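Some notes on the structure that comes next.
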Ligand SMILES: Cc1cc2nc3c(=O)[nH]c(=O)nc-3n(C[C@H](O)[C@H](O)[C@H](O)COP(=O)(O)OP(=O)(O)OC[C@H]3O[C@@H](n4cnc5c(N)ncnc54)[C@H](O)[C@@H]3O)c2cc1C
């Protein structure tokens with residue numbers, strides 16, 4: 017970090033550029049018109065309407081952009097995926113229409129990297145085709161999620177089974193998920209980062225209970241967009257459902273969270289870009305006086321200028337980090353990942369706040385997607401590590417260079 021090389025962005029071929037333009041057109045034409053179904057909570061109608069768009073995404077080569085070709089994905093580099101994800105992020109339905117939404121994308125990655133052939137057959141294959149969804153259950157209401165080494169969920173070996181007991185919350189997508197990757201302590205005596213393991217638990221296993229979908233900022237969502245409180249009571253699964261080795265839970269979680277964080281940043285850039293478009297359009301057209309529109313006011317001009325500058329700078333940092341990960345691997349650029357996680361989350365929050373203010377009362381209701389994102393993406397500064405933990409880790413590593 018002390019010596020920062022000149023950013024080296026890979027060149028984008030004309031055919032990839034054309035793909036991005038086509039994707040933008042699909043999002044505008046096919047997904048944005050469906051957002052009102054999502055905002056109205058019309059789940060059945062939305063799922064029906066999304067099915068042909070998913071088929072179109074498959075046909076046009078956008079399905080599973082983050083997954084290697086051997087597993088039926090597009091095999092894009094992380095840098096290319098960043099550009100794709102930015103376009104998808106312009107709609108709240110973008111990622112789910114291509115099966116690259118969290119937490120499924122992360123779970124696919126874990127199963128591709130660490131799953132046994134049997135685990136891949138049972139859990140990964142239907143996830144890749146979009147037949148099922150999944151969830152990742154690590155955080156517990158009783159303990160600090162920022163430092164999850166303190167965890168009450170236990171998996172105790174009994175013959176060829178694990179018996180799992182635990183209480184989790186904010187398990188994204190749990191409502192309707194077919195299986196969970198559960199973080200559970202398998203050896204309480206081991207060193208803190210070697211005590212837990214990741215275990216696959218089908219949702220229809222006896223003893224699993226969905227307690228509730230948590231109301232986030234007053235809105236109880238459903239399906240892939242829900243966050244649930246769940247319980248595992250004497251849940252019994254075969255030892256063959258262990259991912260990797262016993263005690264590797266945190267190691268695998270880190271492998272999963274690195275790309276997961278950059279995927280979020282890329283999606284947030286898409287949200288920023290749409291919020292900016294909406295704000296600029298509103299400012300340029302909202303009649304304020306007989307001779308002036310809202311955008312003639314200097315305050316609004318300053319906000320738009322600041323929004324754009326912040327979005328562009330975050331975009332360069334995120335794409336630069338993606339390109340570096342492609343070249344050097346995620347460990348080498350972990351500082352950049354920490355930096356873009358809190359920086360982009362901050363840009364997102366400020367962009368949404370300014371876009372909402374520019375829209376006045378319209379910004380407060382669900383006639384635009386801004387209020388939805390304002391509610392849901394406040395959590396960007398909390399999930400996958402709160403701002404403070406990333407800043408702390410980043411600053412400590414920065415100081416090391418000067419000791
Ligand atoms: C919308 C949403 C979706 C989520 N999805 C999932 C999921 O799918 N699966 C899952 O397992 N978990 C999920 N989580 C949980 C998330 O990972 C945790 O909320 C997060 O790790 C923070 O843990 P905590 O909420 O327990 O906060 P705590 O650990 O109690 O921390 C509270 C606050 O303290 C501050 N803080 C923490 N550490 C430090 C520090 N070292 N220095 C200074 N300040 C600090 C931060 O501001 C933090 O927000 C989700 C959370 C949200 C909000």
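Residue numbers (this note's numbering): 17 to 419.
Note that beta-carbon positions come from the ideal geometry of N, C-alpha and C, so glycine has one too.
Note that the coordinates shown come from a computational prediction; the quantities given were computed from them, not determined experimentally.
beta-carbon residue i near ligand 1 non-hydrogen atom, thresh 7 Å
i: residue 158; result: no
i: residue 113; result: no
i: residue 152; result: yes
i: residue 169; result: no
i: residue 243; result: yes
i: residue 119; result: yes
i: residue 400; result: yes
i: residue 298; result: no
i: residue 232; result: yes
i: residue 384; result: no
i: residue 155; result: yes
i: residue 395; result: yes
i: residue 331; result: no
i: residue 354; result: no
i: residue 162; result: yes
i: residue 187; result: yes
i: residue 235; result: no
i: residue 404; result: yes
Alpha carbon of residue i to alpha carbon of residue j, nearest angstrom
i: residue 190; j: residue 205; result: 30 Å
i: residue 193; j: residue 317; result: 45 Å
i: residue 360; j: residue 335; result: 12 Å
i: residue 354; j: residue 407; result: 7 Å
i: residue 136; j: residue 127; result: 6 Å
i: residue 114; j: residue 305; result: 44 Å
i: residue 139; j: residue 195; result: 8 Å
i: residue 48; j: residue 294; result: 12 Å
i: residue 270; j: residue 178; result: 23 Å
i: residue 298; j: residue 384; result: 11 Å
i: residue 219; j: residue 233; result: 27 Å
i: residue 397; j: residue 358; result: 7 Å
i: residue 198; j: residue 153; result: 5 Å
i: residue 28; j: residue 142; result: 32 Å
i: residue 386; j: residue 159; result: 32 Å
i: residue 351; j: residue 289; result: 25 Å
i: residue 366; j: residue 98; result: 21 Å
i: residue 229; j: residue 307; result: 49 Å
i: residue 400; j: residue 276; result: 8 Å
i: residue 390; j: residue 378; result: 13 Å
i: residue 40; j: residue 278; result: 21 Å
i: residue 5; j: residue 315; result: Nothing can be reported for residue 5, as the shown portion of the chain is limited to 17 through 419.
i: residue 251; j: residue 211; result: 19 Å
Paired residues, beta bridge with residue i - DSSP
i: residue 150; result: 195
i: residue 248; result: 182 and 224
i: residue 177; result: 174 and 254
i: residue 215; result: 198 and 258
i: residue 309; result: 303
i: residue 187; result: 244
i: residue 236; result: 231
Own chain, CB closer than 6 Å to residue i, minus 5 neighbours either side, in chain order
i: residue 173; result: none
i: residue 202; result: 171, 213 and 262
i: residue 84; result: 91
i: residue 319; result: 370
i: residue 161; result: 155
i: residue 105; result: 283, 286 and 287
Beta-carbon proximity list for residue i, same chain, < 7 Å, skipping 5 on both sides
i: residue 38; result: 76
i: residue 54; result: 62, 108 and 109
i: residue 88; result: 80 and 144
i: residue 46; result: 69 and 72
i: residue 24; result: 339
i: residue 254; result: 176 and 177
i: residue 405; result: 162
Own chain partners of residue i with C-beta closer than 8 Å, once the 5 adjacent residues on each side are dropped
i: residue 349; result: 337, 340 and 341
i: residue 292; result: 320, 323, 324, 327, 367 and 371
Closer than 7 Å: residue i CB and nearest ligand 2 heavy atom
i: residue 408; result: In terms of ligand content, the structure shown lacks ligand 2 and carries ligand 1 instead.
Checklist entry - Is it true that the stretch 239-253 meets the stretch 177-184, where meeting means three or more beta-carbon pairs spaced less than 8 Å apart? => result yes
Checklist entry - With a cut-off of 8 Å, do at least 3 Cβ pairs link the stretch 126-138 to the stretch 254-265? => result yes
Checklist entry - Three or more C-beta pairs closer than 8 Å, one from the stretch 328-346 and one from the stretch 272-287: is that the case here? => result yes
Next on the checklist: Could you check whether the stretch 113-123 touches the stretch 147-164, counting it as contact only if at least three pairs of C-beta atoms, one from each stretch, sit closer than 8 Å?
Outcome noted: yes
Checklist entry - Three or more C-beta pairs closer than 8 Å, one from the stretch 223-231 and one from the stretch 161-169: is that the case here? => result no
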